[in-house]
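Novice:
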Amino acid sequence: MRPFTPNVRALSGPFPGSATPVKSILKPASVLGRRKDLHDVRESSPTAPESPTKRRRKVFFDDIQNVTYEVGRRTMEDVKLEVRAALENHLRGNDGQYDMLKELFANDKQRYLPPVVGDEDDTLKPHELQVYVMALTSCVPILKGKDCNGLVKTILNCSWLGRDATFLKIYTHFLAALVSAQGSYLVPVLSMMVEKFRDTRSSDWSVPDFPELSRDTMRNRLHSAIQYLLQMFPSAMAVLETLLGSKFPFPDESTRVHMAYIHNLLQVKTYAPDLQDEILDLILNRVVKIDSQMQVDLEDLDDDVAAAVMYALRENQRQPAAWEDDDSDGSDDESLDSEDMDYDQGAVRIKTVKESVEKMDAVLDTLFAVYSPHFVNPGSDKAFGMFTTILREFDHMVLPTYKSRHTQFLIFHFAQQHERLTDAFCGQLIATAFQSNTPNVLKQAAAAYLASFVARGAHVPPSLVRTIFMLLLHHLEQYRRKYEPLCRGPDLKRFHPYYSLVQATLYIFCFRWQDLVVSAPETVDADDPVSYIGQDLEWIGTSKQDLWVQILGKLNPLRVCAPVIVEEFTKLAHRLNFMYVYPLVESNKRVRLTQFLSTYATGGALRDAGYEDQSESYHQLDSYFPFDPYQLPVSKRWLIGDYVHWKSMPGLNDEDEDDSDEDEHKEGLEEATATDSDNDDFE
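Okay, so the sequence shown: first residue is 1 according to UniProt numbering, each after it adds one.
Structure below.
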């Protein structure tokens, strides 16, 4: 691309006697309170000034579109020479005109005020700033030097999106010419554009004396300019990718800013398909960080504050895609003033957590909407291709994050769309959980995800439930044979993989025990779980004997697994005639786990002397399963019909209880603790 160059044309004929000199907008900063001619730049030029009774027009053509410019009382050549003189004088140390040129762009949002009657109009009109951009384009060889960095920075910060379409094209051409002349300007130019991804209110881009533009129009203009630069400079793609990550909003920034930025990211991938995977990875990576931090914040809240957060969410529930409504002034998102006499630390805490939950809800709802069109035909190669992307993101970002609470429901939803996708997800988890070269922490996480998906997935077929259950029992036996010779008693720290797998197996049994029943008496109604109680049931394969061996073994898993899961399994197994473990559970209450902590010579964990003072629960597994109840108020709509909720079975307890009251209690608890990581259903 070639920058504009002035084409000075001499005018023949004498000067008109009554001619008025052409006035310059660029007045030296030292001249105060009076208007001064600046344009004796061409004193020796035979060019005649214009008559005040006749306005002149000049036609220009740029590379983007043919446009006619009205310069007013100055020709375009005058403005070019004026700007060139300002830049050259600046290089000689005379900054008066140069500083005025900077002020034109620094104060570009000032309204145009007509002159007082009798005064000459030498104020820049709104549309005339584009003439200076044209003139500066012709001076790009001078601008590319370091001495003009200040002016370039000011021009990059001007309000260019809220002006007319002509200015947009001229300004975009200027940016391209600047980058073409000096490649180092590519980073600040693209950085300026990516910064605008955060803009959500018209005041961020509107310019006085120009019609107000909608947010969508502004964004389309912004992305048109970015797309033009990407076409002109292939190296810009790598620079843009880096900037998209570095400019992503911090986790504590508002929902509006996050949603604005994410919507712009998604728009980038429509014209830069090479960045699609990187953009989706970037969004999910940041969502996981917000998710895990939010979960930590929620766990630190006491019950009253948590209840207040849930109440605030219900009272202010927004509709999908309403996070950036133009009518919203965002006043609720402003931080409270700590110096205000009404400042309430508790209110601030509730507001902060509420904002985090809303942020997660908005982003996940957007991601569900982005992925869903690819699964219109869930058995197609297109759907499988997108699922491969989701699975890769899950494997690299979600699976290693222990405290992730909601992000994993993306794959939970889409993995149930088709048998092919379900098999791919379970196959990946099995490979991670049981490959010898996988770190233990990932093995345990994969086993928990596998069990939770099989237990909670409403569309997971019974045949797969049985297959996974038997597979877990098979690997449990391998672990038992490996660990029992080394075991003195239950020791979570030393045999963590084994206990995690036992807990996963018990969890599946509690939710999907009906799928594990091969045959039952004719009196059993398959639609009535209560009818199974006390019946002589046939269970799949040797599952009953295999699990019995594990439970009675030296490793004593029922002492280490989460008490809430052990309690529910014990009741179910007894009433379904699966096995009777109440005596073992009672005797385990007298087993002190700290007495079995071992000291290892090499390769193992060293005993911590402080363990003796810790509670027994420290040496037991958490009841965390990654697909525990999901109740973010807006995005939960995507999971309707996907989820197996826990249902208390009447008659399960030995005591005569009011089961309806218990069910109501559980239902209320589940809703109230929807964002908690504990296993709500069993409490």
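Beta carbons are placed, not taken as given, at the ideal position from N, Cα and C, and that holds for glycine.
Under 8 Å Cβ to Cβ from Val549, same chain only, skipping five residues before and after it: list those, please.
Specialist: On the sequence shown, position 549 is the one that residue 549 refers to. Excluding residues within five positions, the ones whose Cβ falls inside 8 Å are Glu477, Arg480.
Novice: Confirm, please, whether the CB-CB distance from Glu616 to Gly553 is below 8 Å.
Specialist: Counting from one through the sequence shown, the residue named residue 553 turns up at place 553. Counting from one through the sequence shown, the residue named residue 616 turns up at place 616. No.
Novice: Alpha carbon to alpha carbon, how far is Tyr630 from Lys169?
Specialist: Translated into positions along the sequence shown, residue 630 becomes position 630. Translated into positions along the sequence shown, residue 169 becomes position 169. Straight-line Cα distance between these residues: approximately 48 Å.
Novice: Can you give me the Cβ contacts of Tyr132 inside the same chain, cut-off strictly under 7 Å, excluding the 5 residues immediately before and after it?
Specialist: The residue labelled residue 132 in the question sits at position 132 within the sequence shown. The residues are Val79, Val83, Leu104.
Novice: Nearest-angstrom Cα distance between Leu136 and Leu101?
Specialist: Position 136 of the sequence shown, counted from the start, is the residue given in the question as residue 136. Position 101 of the sequence shown, counted from the start, is the residue given in the question as residue 101. Approximately 10 Å between the Cα atoms of the pair.
Novice: Based on DSSP bridge pairs, tell me the residues matched to Ser452.
Specialist: Residue 452 sits at position 452 when you count from the first residue of the sequence shown. None; Ser452 has no bridge partner.
Novice: Residue range of the alpha helix (DSSP H) that Val194 falls in?
Specialist: By 1-based counting over the sequence shown, the position of residue 194 is 194. Annotation for Val194: the continuous alpha helix (DSSP H) segment containing it runs 186-195.
Novice: For the stretch 406-462, which segments carrying the alpha helix (DSSP H) assignment without a break, of at least 4 residues, lie completely within its bounds, in sequence order?
Specialist: 409-414, 419-434, 440-456
Novice: Helix, strand or coil for Ser404? Go by DSSP, reduced to three states.
Specialist: As a working mapping, residue 404 is identified with position 404 in the sequence shown. Ser404 falls in the coil class under three-state DSSP.
Novice: Are the CB atoms of Ala236 and Leu186 nearer to each other than 8 Å?
Specialist: Translated into positions along the sequence shown, residue 236 becomes position 236. Translated into positions along the sequence shown, residue 186 becomes position 186. Yes, Cβ-Cβ distance for Ala236 and Leu186 is below 8 Å.
Novice: Any contact of the stretch 446-463 with the stretch 526-541, i.e. 3+ C-beta pairs under 8 Å?
Specialist: Flag = no, the stretch 446-463 and the stretch 526-541 do not touch.
Novice: Pair every Cβ in the stretch 188-196 with every Cβ in the stretch 221-235, then say whether three or more of these pairs are closer than 8 Å.
Specialist: yes
Novice: Smallest Cα separation from Leu275: which of Glu299, Phe210, Thr242?
Specialist: Stepping through the sequence shown from its first residue, residue 275 is reached at position 275. Selected option, being the one with the closest Cα: Thr242.
Novice: Can you give me the C-alpha to C-alpha distance between Ser202 and Met218, rounded to a whole angstrom?
Specialist: Within the sequence shown, numbered from 1, the residue matching residue 202 stands at position 202. Within the sequence shown, numbered from 1, the residue matching residue 218 stands at position 218. Pairing Ser202 with Met218, the inter-Cα distance amounts to about 9 Å.
Novice: For Ile142, is the classification buried or exposed, using 16 other Cβ atoms within 10 angstroms of its Cβ as the cut-off for buried?
Specialist: Translated into positions along the sequence shown, residue 142 becomes position 142. Here Ile142 is buried. Its C-beta has 16 or more other C-beta atoms within 10 Å.
Novice: Between Leu229 and Ala177, is the Cβ-Cβ spacing less than 8 Å?
Specialist: The residue given as residue 229 occupies position 229 in the sequence shown. The residue given as residue 177 occupies position 177 in the sequence shown. Against a cut-off of 8 Å, the Cβ pair of Ala177 and Leu229 comes out as no contact.
Novice: Helix, strand or coil for Val348 per DSSP?
Specialist: For the purposes of this step, residue 348 is taken as the residue at position 348 of the sequence shown. Val348 falls in the helix class under three-state DSSP.
Novice: Pull the bridge partners of Tyr643 from the DSSP assignment, please.
Specialist: Taking the first residue of the sequence shown as position 1, residue 643 is located at position 643. According to DSSP, which records beta bridges pairwise, Tyr643 is partnered with Gly457.
Novice: Can you name, in chain order, every residue of its own chain whose Cβ lies under 8 Å from the Cβ of Leu282, other than the five neighbours on each side?
Specialist: On the sequence shown, residue 282 is found 282 positions in, with the first residue counted as 1. If we look at Leu282 and ignore the five residues flanking it on each side, its Cβ neighbours are Leu244, Gly245, Phe248, Leu265.
Novice: Could you tell me which of Met76, Val441, Ala446 sits nearest to Ile430, measuring between CA atoms?
Specialist: As a working mapping, residue 430 is identified with position 430 in the sequence shown. The shortest Cα separation from Ile430 among Met76, Val441, Ala446 belongs to Ala446.
Novice: Taking the continuous alpha helix (DSSP H) assigned at Ser138, which residues delimit it?
Specialist: Working through the sequence shown from its first residue, we reach residue 138 at position 138. Looking at the DSSP string, the run of the alpha helix (DSSP H) that includes Ser138 is 129-138.
Novice: Taking 8 Å as the limit between beta carbons, can you name the residues of its chain near Arg111, skipping five residues before and five after?
Specialist: For the purposes of this step, residue 111 is taken as residue 111 along the sequence shown, with counting starting at 1. Cβ within range, chain order: Pro208, Asp209.
Novice: Between which two residues does the beta strand (DSSP E) containing Val207 stretch?
Specialist: Position 207 of the sequence shown, counting from 1, holds the residue named residue 207. Per DSSP, Val207 is not a residue of any beta strand (DSSP E), being assigned neither H nor E.
Novice: Measure the alpha-carbon distance for Leu639 versus His406 and round it to whole angstroms.
Specialist: Within the sequence shown, the letter at position 639 stands for residue 639. Within the sequence shown, the letter at position 406 stands for residue 406. Approximately 12 Å between the Cα atoms of the pair.
Novice: Quick one: what's got a C-beta closer than 7 Å to Ser356's C-beta in the same chain, skipping five residues either side?
Specialist: Walking along the sequence shown from the start, residue 356 turns up at place 356. Contacts found: Ile290, Met294, Asp297.
Novice: Using the beta-carbon count (16 or more within 10 Å), is Gly162 buried or exposed?
Specialist: For the purposes of this step, residue 162 is taken as residue 162 along the sequence shown, with counting starting at 1. Its Cβ being crowded by 16 or more others within 10 Å, Gly162 is buried.
Novice: Cβ atoms of Leu472 and Thr505: under 8 Å apart, would you say?
Specialist: For the purposes of this step, residue 505 is identified with residue 505 of the sequence shown, where counting begins at 1. For the purposes of this step, residue 472 is identified with residue 472 of the sequence shown, where counting begins at 1. The Cβ atoms of Thr505 and Leu472 lie closer than 8 Å to each other.
Novice: Is the separation between the beta-carbon of Ile533 and that of Arg575 shorter than 8 Å?
Specialist: If you number the sequence shown from 1, residue 533 lands on position 533. If you number the sequence shown from 1, residue 575 lands on position 575. Contact flag set, yes.
Novice: Exposed or buried, Lys589, counting other C-beta atoms within 10 Å across all chains shown (16 or more means buried)?
Specialist: For the purposes of this step, residue 589 is taken as residue 589 along the sequence shown, with counting starting at 1. It is exposed - the Cβ of Lys589 has fewer than 16 other Cβ atoms within 10 Å.
Novice: Per the DSSP calculation, Trp513 is bridged to which residue(s)?
Specialist: Working through the sequence shown from its first residue, we reach residue 513 at position 513. DSSP, once it has assigned bridges, lists no residue as partnering Trp513.
Novice: Taking the beta carbon of Val359 as the centre, do at least 16 other beta carbons fall within 10 Å, making it buried, or is it exposed?
Specialist: Locating residue 359 in the sequence shown gives position 359, counting from the first residue. The sequence as given places Lys at residue 359; Val does not occur at that position. Flag for Lys359 reads buried.
Novice: Leaving out five residues on either side along the sequence, give the residues of the same chain with a beta carbon under 6 Å from the beta carbon of Phe412.
Specialist: Within the sequence shown, numbered from 1, the residue matching residue 412 stands at position 412. Taken in chain order, the residues that qualify are Phe627.
Novice: Would Leu178 pass as an interface residue toward chain D - the criterion being a Cβ-Cβ separation below 8 Å?
Specialist: The structure shown contains no chain D; it is built from a single protein chain.
Novice: Which of helix, strand or coil does DSSP assign to Val524?
Specialist: By one-based count along the sequence shown, residue 524 stands at place 524. Here Val524 sits in coil by DSSP.
Novice: Out of curiosity, what's the CA-to-CA distance linking Val179 and Asp252?
Specialist: On the sequence shown, residue 179 is found 179 positions in, with the first residue counted as 1. On the sequence shown, residue 252 is found 252 positions in, with the first residue counted as 1. Each residue's Cα considered, the two are about 34 Å apart.
Novice: Please go through the same chain and pick out, in chain order, the residues whose beta-carbon is closer than 6 Å to the beta-carbon of Tyr98, but skip the five residues on each side of it.
Specialist: Translated into positions along the sequence shown, residue 98 becomes position 98. Cβ within range, chain order: Ala86, His90.
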